[in-house]
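Protein chains in written order, with the working numbering: chain A, 1 to 275; chain B, 276 to 533.
Pasting the structure below:
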């Protein structure tokens, strides 16, 4: 469980990035963090593993104040996957790259190797194990970086813009994997601008603007609120657009809809099918 | 690991007497400052050099930034002082280390006077008007332009590796040196990748298409610039005379007895 208590943070003590953020993330939640560029999303997740420390307020990870732990210690609990994989890849094979983090966190060589291969298989990257990360494509590098964090099996997985540069198939695959991890009880937090990705796969959405949380709740509620969409400079999800268009003709169809089954139910009722 | 001491080499957009000087005049001034700092290794002359340079920085309205940078440099200065005091063969190791540290500060200050106040574009224009080929001048100003970017990148990489359990500020010296590898390798790779993409985007915008370029703004030496050059060169000549023929007066050779 991660708790933010009125967290303030400013870069270089001058440029405010968080201005009083309070939130609670329970074990096993799946959360999308949305907001415009510069809203404080990345700053928020960097507080979860201690890379940034609050100027004011507290971050509590699994009951312990984050201040009392080093980044390395917190990283066992909270795994961060970065936007740019090139910021972390530096070894000559994918396998070594993934084992590097594991060894740092204190796993033995055998354990590390076993976990490494399990993760590679899970992500469908086995064929790349012996390849150099630098010779891979952008999308592949991104998945290798993801694998290097997944291998450490953190309780909380926070991903910064994981869908950028991934084709629809890869995105689906990523979503499926994140859902599976979520079923296994892990907390999954994703920073994204991809509204369909958020709507389809995450049950809770935190919307941020100018360093504060402007909305936090079930994804369907948050993302069908026009004020939120505007503040995060998002276009409404397709389902909402569809629902609104249909509402013009069939007033029974509510305007605040974002889910396919709900829409189906209502339409079936209208056309006289089974509700 | 902080890199804040690099701040002092970054252009600041302020309007000041020093900023308005011709970059070529400032180049002479900074070079003279650096050469003079390298010529003397006694405490008093180096303090005098700093006493000249610091008011110049104040005139460039950059004193606060300089002070912050020097604070960032503090760890290195302490390192230099401690190691040299312990291992120097000089009869007065502490004074020797102190003057080494002062020399470092003086060198950084004289270069910062140039880099703080010369916009990369001005620098390349100055080089071109000194008959350096445009491509080289451009490469130079690009390099300057990318220093802060590289710094930001370095921070991002450090964050990424810390999150993988690299403990940058723990362990013995050997371990710390080994910990630099996960920072340096991605930094180099990222820079090469960026260099390639910058080159492509430059070529797609017609870089090097015309043999003879014309320039929108040209630099002109004013009387003030000549004055700066004259003063700088006189100081240089005076220092050379002192160093080579006349020798320093006795009071300037003062040092701590240890």
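Note that CB positions come from ideal geometry on N, CA and C, so glycine has one too.
None of these values were measured; they are calculated from a predicted model.
**Prompt:** Any beta-carbon of chain A closer than 8 Å to the one on residue 464 of chain B?
**Reply:** With respect to chain A, the C-beta atom of residue 464 of chain B has a partner C-beta closer than 8 Å.
**Rounded separation between residue 4 of chain A and residue 57 of chain A - CA only** = Across the structure, residue 4 of chain A and residue 57 of chain A are spaced so that their CA atoms are roughly 8 Å apart.
**Message:** For the structure I just gave you, are there three or more beta carbon pairs, one from the region 391-410 of chain B and one from the region 342-353 of chain B, closer than 8 Å?
**Reply:** Touching, no.
**Message:** Does residue 283 of chain B pass the burial test, meaning 16 or more other C-beta atoms within 10 Å, or should it be called exposed?
**Reply:** So residue 283 of chain B counts as buried.
**Message:** I'd like to check one pair, residue 83 of chain A with residue 160 of chain A: are the Cβ atoms closer than 8 Å?
**Reply:** Residue 160 of chain A places its beta carbon less than 8 Å from that of residue 83 of chain A.
**Prompt:** Does the beta-carbon distance from residue 222 of chain A to residue 438 of chain B come in below 8 Å?
**Reply:** For residue 222 of chain A and residue 438 of chain B, no; Cβs fall outside 8 Å.
**Asked** Ordered along the chain, which non-local residues of its own chain (more than five positions away) have a Cβ less than 7 Å from that of residue 241 of chain A?
**Response** So no residue of the chain qualifies.
**Message:** Taking the straight line between their C-alpha atoms, what separation do you get for residue 322 of chain B and residue 451 of chain B?
**Reply:** Roughly 34 Å separates the two Cα atoms.
**Asked** From B:466, B:302, B:310, pick the residue whose C-alpha is nearest to that of residue 511 of chain B; which is it?
**Response** Taking only the C-alpha atoms, the option nearest residue 511 of chain B is B:310.
**Item:** Endpoints, the beta strand (DSSP E) within which residue 284 of chain A is located
**Value:** Residue 284 of chain A is absent from the model: chain A starts at 1 and stops at 275.
**Request:** Please confirm if residue 451 of chain B has its CB atom under 8 Å from at least one CB of chain A.
**Result:** Taking Cβ atoms only, chain A never reaches closer than 8 Å to residue 451 of chain B, which makes this a no.
**Prompt:** Counting along the chain, where does the beta strand (DSSP E) carrying residue 8 of chain A start and finish?
**Reply:** Per DSSP, residue 8 of chain A belongs to the beta strand (DSSP E) from 2-11.
**Prompt:** Does the separation of the CB atoms of residue 253 of chain A and residue 45 of chain A fall below 8 Å?
**Reply:** Contact: no.
**Request:** Taking residue 99 of chain A as part of the alpha helix (DSSP H), name the residues at either end of that continuous run.
**Result:** Looking at the DSSP string, the run of the alpha helix (DSSP H) that includes residue 99 of chain A is 94-104.
**Prompt:** Nearest-angstrom Cα distance between residue 92 of chain A and residue 462 of chain B?
**Reply:** Linking residue 92 of chain A to residue 462 of chain B through their CA atoms gives a straight-line distance of about 15 Å.
**Asked** In three-state terms, what does DSSP make of residue 187 of chain A?
**Response** DSSP places residue 187 of chain A in the strand class (E or B) of the three-state scheme.
**Residue of B:288, B:470, B:379, B:447 minimising C-alpha distance to residue 314 of chain B** = By alpha-carbon distance to residue 314 of chain B, the top candidate from B:288, B:470, B:379, B:447 is B:379.
**Request:** Starting from the Cα of residue 264 of chain A, find the closest Cα among A:211, A:249, A:95, A:243 and give me that residue.
**Result:** Relative to the Cα of residue 264 of chain A, the nearest Cα in the group A:211, A:249, A:95, A:243 belongs to A:243.
**Message:** Distance check for residue 75 of chain A and residue 281 of chain B, CA to CA, integer angstroms please.
**Reply:** The alpha-carbon separation between residue 281 of chain B and residue 75 of chain A amounts to approximately 30 Å.
**Item:** Interface flag, residue 455 of chain B vs chain A, CB-CB below 8 Å
**Value:** Chain A has no Cβ within less than 8 Å of the Cβ of residue 455 of chain B.
**Prompt:** residue 86 of chain A versus chain B: which residues are under 8 Å apart at the beta carbon?
**Reply:** By Cβ distance, chain B contributes 461, 464, 465, 468.
**Request:** Identify which residue in B:505, B:532, B:411 has its Cα closest to the Cα of residue 307 of chain B.
**Result:** Checked all of B:505, B:532, B:411; the closest Cα to residue 307 of chain B is B:505.
**Asked** In chain B, what lies closer than 9 Å to residue 148 of chain A by C-beta?
**Response** Those within 9 Å of residue 148 of chain A in chain B are 439.
**Message:** Suppose only complete runs of 4+ residues qualify. What are the alpha helix (DSSP H) ranges in the region 297-385 of chain B, listed by chain order?
**Reply:** Taken in chain order, the whole alpha helix (DSSP H) runs of length 4 or more contained in the region 297-385 of chain B are 298-314, 318-334, 338-362.
**Message:** For the region 105-116 of chain A, list every residue whose C-beta sits within 9 Å of some C-beta in chain B, in sequence order.
**Reply:** Shown in chain order are the members of the region 105-116 of chain A whose Cβ falls below 9 Å from a Cβ of chain B: 105, 106.
**Message:** What does the Cβ neighbour count give for residue 63 of chain A, buried or exposed, with the cut at 16 atoms within 10 Å?
**Reply:** Residue 63 of chain A counts as exposed, since fewer than 16 other C-beta atoms from the protein chains shown sit within 10 angstroms of its C-beta.
**Item:** Cβ-based contacts, 9 Å cut-off: residues of the region 45-64 of chain A near chain B
**Value:** The residues in question are 46, 49, 50, 51, 52.
**Message:** Let me see if you follow: with CB-CB separation under 8 Å, is residue 100 of chain A close to chain B or not?
**Reply:** True, the Cβ-Cβ gap to chain B drops below 8 Å.
**Item:** 8 Å Cβ cutoff met for residue 206 of chain A and residue 31 of chain A
**Value:** In this structure, residue 31 of chain A lies closer than 8 Å to residue 206 of chain A by Cβ.
**Asked** Got a sec: is the Cβ-Cβ distance from residue 72 of chain A to anything in chain B below 8 Å?
**Response** Against chain B, the CB of residue 72 of chain A has a partner CB under 8 Å away; the residue lies at that interface.
**Request:** Could you work out which residues of chain B lie near residue 75 of chain A, taking near to mean beta carbons separated by less than 9 Å?
**Result:** Residues of chain B passing the Cβ test: 437, 438, 439, 440.
**Message:** Run through chain B and tell me which residues come within less than 7 Å of residue 80 of chain A, C-beta to C-beta.
**Reply:** 438, listed in chain order.
**Option nearest residue 147 of chain A by Cα separation, candidates A:134, A:124, A:136** = Nearest to residue 147 of chain A by alpha-carbon distance, out of A:134, A:124, A:136, is A:124.
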